[in-house]
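The structure under discussion appears below in the form of structure tokens.
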Ligand SMILES: *Cc1c(COP(=O)(O)O)cnc(C)c1O
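Numbering (the working numbering), first residue to last: 1 to 376.
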């Protein structure tokens, strides 16, 4: 019996489809030997910002440095509190810590897994300076109440849109709601470079100028350093890949949505929960996350069938050793903690074939049948 493997993500499929174009772009960059702050990086900044409905883009070396730059541009520093979520990738919180600020966590919506804005007022203090909502898995945060709360209390809003390139809230793409939005362009995101990259988008020229300066050693004019900056530039080879890929993003997201619909139709009833999409959001399925009762057995059954799974994320950030200094204990974010023990991500990438989707569905059926077996 031949059993084709179905990996969690298949980056090679996308590379092969675009190989001639990407190789040509690489060759042009290497022939010019302009390896950073060149025309491709500038073009990508403009094209991606326009894609998000924003005026300015600031290319960066990663999503993590994008978040750091955004916080710095908003003058968030030591002693300041930034409200965010614990159900995210560590980088969201690392960036807050990197500028010396304190992460303050709120719980999440149990169905969409993103920030529950109703909890913002519970953690507001005199030191709160910003809100950092994360559009997780590809579903957007309900932005209107977040923005209203921020406006009422004079807070900055920085979106972490690293898992939501192209996702919309009330018909508008993420990236233009807050003061600044940050995107990872890590190779496995909905839009990914061939290595490390990220970008900040904003409509505020002063913030963009500050970020352009800080990411390049605090310098606007070579060897004149106005502030202590960083080396956080996007390099030209990554920009070349991203320029080739960006025109495909909309179709890739549509393919992810079609795959998610197929999964939803067949998996509903076999697992505890399939992804929920609120009426005001689209979902771009950076990850396709379901909930199961017996996760260990679920993953074992699927692994046996050659199907890759992962957990995004197994330990909430507030319970990580790295966060011990902030004094959070188990029980403080009950929804986040409950969800973390039940979620599991299934294979999701635009190039998934219908045969592969069927293989995943059949494997989940096998798990569900087994769940019932002991009672029969
Ligand atoms: C990937 C990711 C980041 C970090 O991006 P890098 O490019 O890996 O530094 C930050 N936040 C979220 C939500 C992410 O998924």
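Glycine included, each C-beta is placed from N, C-alpha and C at the ideal position.
- In this structure, residue 250 lies away from residue 198, with their beta-carbon atoms at least 9 angstroms apart.
- Look at residue 130 here: in three-state DSSP terms it is strand.
- In the assembly as shown, residue 171 is an exposed residue. Its beta-carbon has fewer than 16 other beta-carbons within 10 Å.
- In the displayed model, residue 54 falls within coil according to three-state DSSP, outside both helix and strand.
- Taking residue 234 as reference, the option from 184, 87, 255, 264 with the minimal CA-CA separation is 184.
- Contact annotation: residue 237 and residue 35 have beta-carbon atoms nearer than 9 angstroms.
- DSSP, read as helix, strand or coil, puts residue 5 in coil.
- Contact between residue 229 and residue 215 holds: CB atoms are separated by about 7 angstroms, below the 8 angstroms threshold.
- One thing to note: residue 319 has its Cβ within 9 angstroms of the Cβ of residue 86.
- By the criterion of a C-beta distance shorter than 6 angstroms, residue 340 is surrounded in its chain by 316, once the five residues flanking it on both sides are discounted.
- Per the Cβ contact rule, the stretch 358-368 is in contact with the stretch 266-281 (3 or more Cβ pairs under 8 angstroms).
- Note that the C-beta distance between residue 92 and residue 179 is not below 9 angstroms.
- Residue 209 sits in a helix when the DSSP states are folded into three classes.
- A contact between stretches requires three or more CB pairs, one per stretch, nearer than 8 angstroms, and the stretch 281-300 meets this requirement with the stretch 131-147.
- According to DSSP, residue 367 shares a beta bridge with no other residue.
- Membership of residue 304 in any beta strand (DSSP E) is not indicated; the residue belongs instead to the alpha helix (DSSP H) covering 295-304.
- Here residue 110 has 335 as same chain residues with Cβ atoms under 6 angstroms from its own Cβ, once five neighbours each way along the sequence are excluded.
- Under DSSP, the beta-bridge partners assigned to residue 60 are 198, 233.
- About 6 angstroms separates the beta carbons of residue 56 and residue 49, which is inside the 8 angstroms limit, making them a contact pair.
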